[in-house]
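Trainee: Counting along the sequence shown from 1, when you hit position 185 you're at 185 in the UniProt record's numbering, and nothing is skipped either side.
Glycine included, C-beta positions come from ideal geometry on N, C-alpha and C.
Keep in mind that this is a model prediction, so the values were computed, not measured.
Structure incoming, see below.
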Amino acid sequence: MTSYRYTAIDPYGRQQRGILHAANEQALIARLHQSGLELLTAKTGAAPFALQARVTAQTLILFCVQMEQLLQAGVPLLQTLEELAAQGGQPRMADALGALQQALQGGQLLSQALQAQPRVFPPLICHLVAAGEQTGQLPEVFGHLARTLQWQADLVAQTRRGLAYPALLCLMVCVAAGVMLTFLVPQMVGFLNSLGQALPWSTSLLLWLSDWAMAYGGLLVIFLMLLVAGVRLAIKYSTACAFTWDRVLLQMPVIGHLLRQLVLARLCRFLGLMYQTGIPLLQALVWCQPLLHNRLMAKVLAQVHERVQAGESLSASFTATGRFPPLMVRMVRIGEATGALDKVLSQLASFYDREVQAQTQWLLRLLEPVLTMVLGLMLLFLMAAVILPVYDSFSTLRY
Numbered sequence: 001m002t003s004y005r006y007t008a009i010d011p012y013g014r015q016q017r018g019i020l021h022a023a024n025e026q027a028l029i030a031r032l033h034q035s036g037l038e039l040l041t042a043k044t045g046a047a048p049f050a051l052q053a054r055v056t057a058q059t060l061i062l063f064c065v066q067m068e069q070l071l072q073a074g075v076p077l078l079q080t081l082e083e084l085a086a087q088g089g090q091p092r093m094a095d096a097l098g099a100l101q102q103a104l105q106g107g108q109l110l111s112q113a114l115q116a117q118p119r120v121f122p123p124l125i126c127h128l129v130a131a132g133e134q135t136g137q138l139p140e141v142f143g144h145l146a147r148t149l150q151w152q153a154d155l156v157a158q159t160r161r162g163l164a165y166p167a168l169l170c171l172m173v174c175v176a177a178g179v180m181l182t183f184l185v186p187q188m189v190g191f192l193n194s195l196g197q198a199l200p201w202s203t204s205l206l207l208w209l210s211d212w213a214m215a216y217g218g219l220l221v222i223f224l225m226l227l228v229a230g231v232r233l234a235i236k237y238s239t240a241c242a243f244t245w246d247r248v249l250l251q252m253p254v255i256g257h258l259l260r261q262l263v264l265a266r267l268c269r270f271l272g273l274m275y276q277t278g279i280p281l282l283q284a285l286v287w288c289q290p291l292l293h294n295r296l297m298a299k300v301l302a303q304v305h306e307r308v309q310a311g312e313s314l315s316a317s318f319t320a321t322g323r324f325p326p327l328m329v330r331m332v333r334i335g336e337a338t339g340a341l342d343k344v345l346s347q348l349a350s351f352y353d354r355e356v357q358a359q360t361q362w363l364l365r366l367l368e369p370v371l372t373m374v375l376g377l378m379l380l381f382l383m384a385a386v387i388l389p390v391y392d393s394f395s396t397l398r399y
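Structural data, given as structure tokens:
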């Protein structure tokens with residue numbers, strides 16, 4: 001099978017671009033005809049994987065929605081993938097869909113084909129699709145995936161929108177400090193020294209900060225960049241450093257509580273979703289560990305898995321770790337007693353989701369005035385450091 005990058009035209013005259021795998025160009029033309037497309041140009045070979053655009057969350061959501069709709073309508077799985085690949089879209093996603101078709105034609109399951117492309121399809125999709133294949137609920141699984149991915153995308157988008165204004169204020173504070181210390185203050189040094197009198201402490205401090213910034217400011221910026229890069233590399237390649245970093249984040253006064261609520265929301269949502277789709281609890285506890293995005297809580301969940309495997313209930317295992325709030329433990333105990341664990345976990349996920357959103361909005365509303373005050377105090381300090389010696393000099397003049 002050869003990978004073809006094609007340009008085609010639909011019956012309405014609109015151009016479609018995408019990537020398909022076919023034995024030869026005649027087979028490519030035949031597959032495009034089945035989708036109502038007329039081939040214009042075709043080139044062999046997909047674009048280099050590293051140069052293709054990253055598959056966005058919205059692309060994955062659209063993929064899950066379309067898979068649910070087409071499978072619910074009774075379209076065969078292989079034909080469904082062909083229909084989606086013929087629509088074009090992002091090059092990396094189109095190439096991934098072509099690879100899925102080739103894998104299915106080779107006798108693989110859809111879940112196996114998805115697992116072969118971890119840079120496109122996250123583990124959550126692979127695990128739930130495997131459960132859907134086992135239970136015969138593949139369309140329903142894609143519906144659950146679409147809603148879950150949309151929840152994640154909405155949370156990220158909301159956080160980014162809230163951080164836009166504080167980030168702009170931070171940039172303004174940094175730019176103002178840099179301009180003040182490296183350009184404005186050095187130009188006023190001669191004037192302040194010509195006054196011929198003792199400078200107040202604020203002016204002396206400002207002059208010292210300016211000299212320090214001129215001498216070591218560049219080195220400080222380079223050091224901070226290297227520090228950030230070193231920390232990121234240590235977290236990426238050292239398990240001990242990554243574990244320590246996640247533990248420190250959870251122990252921070254305000255941010256730690258917010259991150260803990262977010263981890264609990266992920267755990268309840270993913271565990272409930274897997275349990276609802278027919279994945280055994282022990283397997284779901286294993287698959288949820290990397291989805292929490294926190295190594296400390298993943299280790300705690302591994303301890304829960306060991307206790308449940310030894311015969312303890314899920315609520316008792318949560319209690320034994322000491323890392324889960326009493327409300328969550330009580331609700332899980334009720335779910336176990338009533339046989340509605342998936343519904344209880346879904347309710348807990350909604351509860352913690354609302355808590356995360358409320359706390360995020362509160363932090364962002366608090367951050368804006370704090371940064372505004374910092375910028376105002378900087379300007380006030382600058383004015384005081386410059387105006388006070390001038391005022392003292394004028395007050396000594398004799399008429």
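#1: What is the DSSP secondary structure of Q117, counted as helix, strand or coil?
#2: Below 6 Å CB to CB, which residues in the same chain sit around P48 once its five sequence neighbours on both sides are set aside?
#3: Tell me whether residue 400 sits in a helix, a strand or coil according to DSSP, three-state version.
#4: Looking at the C-beta of A42, does it have a partner C-beta in chain C at a distance below 9 Å?
#5: Whose CA, out of N24, P369, A384, lies closest to the CA of L205?
#6: Taking L314 as the reference, which of G322, V304, R323 has the closest Cα?
#7: Between the region 65-72 and the region 120-139, are three or more C-beta pairs nearer than 8 Å?
#8: Label T203 either buried or exposed according to how many other C-beta atoms from any shown protein chain fall within 10 Å of its C-beta, with 16 as the threshold for buried.
#9: Looking only at its own chain, which residues have a Cβ that is under 6 Å from the Cβ of R269, when we skip the five neighbours before and after it?
#10: What first and last residue would you give for the beta strand (DSSP E) that runs through A340?
#11: Would you give the residue range spanned by the beta strand (DSSP E) that L42 belongs to?
#12: Rounded to whole angstroms, what is the Cα-Cα separation between L40 and H33?
#13: What residue ranges within the UniProt domain "Type II secretion system protein GspF" (268-389) form continuous alpha helix (DSSP H) runs of no fewer than 4 residues, ordered along the chain?
#14: Considering only C-alpha positions, which residue in the set L227, P369, T239, A57 is nearest to R147?
#15: Ignoring anything shorter than 4 residues or poking outside the region 83-107, list the alpha helix (DSSP H) runs there in chain order.
#16: Thinking C-beta only, is M328 closer than 9 Å to D246?
#17: Give every residue of the same chain whose Cβ lies closer than 6 Å to the Cβ of M274, excluding the five residues on either side of it in the sequence, and list them in chain order.
#18: Taking just the CA atoms, how far does S238 sit from A229?
#19: E133 and L100: beta carbons closer than 9 Å?
#20: Using beta-carbon positions only, say whether A103 and A85 come within less than 9 Å of one another.
#21: According to DSSP, simplified to helix, strand and coil, what is Q137?
#22: Within the same chain, show all residues whose beta-carbon is closer than 6 Å to that of G335, passing over the 5 residues directly before and after it, in chain order.
#23: Given that a residue counts as buried once 16 or more other Cβ atoms are within 10 Å of its Cβ, and exposed if not, what is W287?
#24: Count the other C-beta atoms from every protein chain shown that fall within 10 angstroms of the C-beta of M93, then say buried if there are 16 or more, exposed otherwise.
#25: May I ask you to report which of helix, strand or coil DSSP gives Y237?
Mentor: So, to answer that:
#1: Along the sequence shown, read from residue 1 onward, the residue named residue 117 stands at position 117. Of the three classes helix, strand and coil, the one that applies to Q117 here is coil, per DSSP.
#2: Here residue 48 refers to the residue found at position 48 of the sequence shown. Residue confidence for P48 is low, a pLDDT of 48 falling below 50, so the modelled location carries little weight; the figure read from the coordinates is stated next. Here the set comprises nothing.
#3: Nothing can be reported for residue 400, as the shown portion of the chain is limited to 1 through 399.
#4: Note that chain C does not occur in the displayed structure, where there is just one protein chain.
#5: Looking up residue 205 in the sequence shown gives position 205. Considering only alpha carbons, the answer is A384.
#6: Here residue 314 refers to the residue found at position 314 when the sequence shown is read from its first residue. Taking only the C-alpha atoms, the option nearest L314 is V304.
#7: yes
#8: In the sequence shown, the residue the question calls residue 203 occupies position 203. Result: buried.
#9: In the sequence shown, counting from the first residue as 1, residue 269 sits at position 269. A349, listed in sequence order.
#10: Residue mapping note: residue 340 aligns to position 340 of the sequence shown, counting from 1. From DSSP, A340 is part of no beta strand (DSSP E); its letter is neither H nor E.
#11: If you number the sequence shown from 1, residue 42 lands on position 42. First, the residue type needs correcting, since residue 42 is Ala and not Leu in the sequence shown. Membership of A42 in the beta strand (DSSP E) is indicated by the continuous run 38-44.
#12: Position 40 of the sequence shown, counted from the start, is the residue given in the question as residue 40. Position 33 of the sequence shown, counted from the start, is the residue given in the question as residue 33. Rounded to the nearest angstrom, the two C-alpha atoms are 12 Å apart.
#13: 281-288, 295-309, 314-321, 326-338
#14: For this step, residue 147 is matched to residue 147 along the sequence shown. Per the C-alpha coordinates, the member of L227, P369, T239, A57 positioned closest to R147 is A57.
#15: As far as the region 83-107 is concerned, its whole alpha helix (DSSP H) runs of at least 4 residues are 91-105.
#16: Start at 1 with the first residue of the sequence shown, and residue 246 comes out as number 246. Start at 1 with the first residue of the sequence shown, and residue 328 comes out as number 328. Contact check for D246 against M328 fails: the beta carbons are separated by 9 Å or more.
#17: Start at 1 with the first residue of the sequence shown, and residue 274 comes out as number 274. Apart from sequence neighbours up to five positions away, the residues of its chain that approach M274 with a beta-carbon distance below 6 Å are A284, ordered along the chain.
#18: On the sequence shown, position 229 is the one that residue 229 refers to. On the sequence shown, position 238 is the one that residue 238 refers to. Cα to Cα, A229 sits roughly 14 Å from S238.
#19: Within the sequence shown, numbered from 1, the residue matching residue 133 stands at position 133. Within the sequence shown, numbered from 1, the residue matching residue 100 stands at position 100. Result no, Cβ atoms of E133 and L100 do not sit closer than 9 Å.
#20: Along the sequence shown, read from residue 1 onward, the residue named residue 103 stands at position 103. Along the sequence shown, read from residue 1 onward, the residue named residue 85 stands at position 85. Not in contact: A103 and A85 (Cβ atoms no closer than 9 Å).
#21: As a working mapping, residue 137 is identified with position 137 in the sequence shown. Q137: coil per DSSP, three-state reduction.
#22: On the sequence shown, residue 335 is found 335 positions in, with the first residue counted as 1. The beta carbon of G335 sits closer than 6 Å to the beta carbons of L341, V344 from its chain, once the five residues preceding and following it are set aside; these are given in chain order.
#23: One-based indexing of the sequence shown puts residue 287 at position 287. The residue is buried, with at least 16 neighbouring Cβ atoms inside 10 Å.
#24: Walking along the sequence shown from the start, residue 93 turns up at place 93. When all chains shown are included, M93 counts as buried.
#25: If you number the sequence shown from 1, residue 237 lands on position 237. Y237 falls in the helix class under three-state DSSP.
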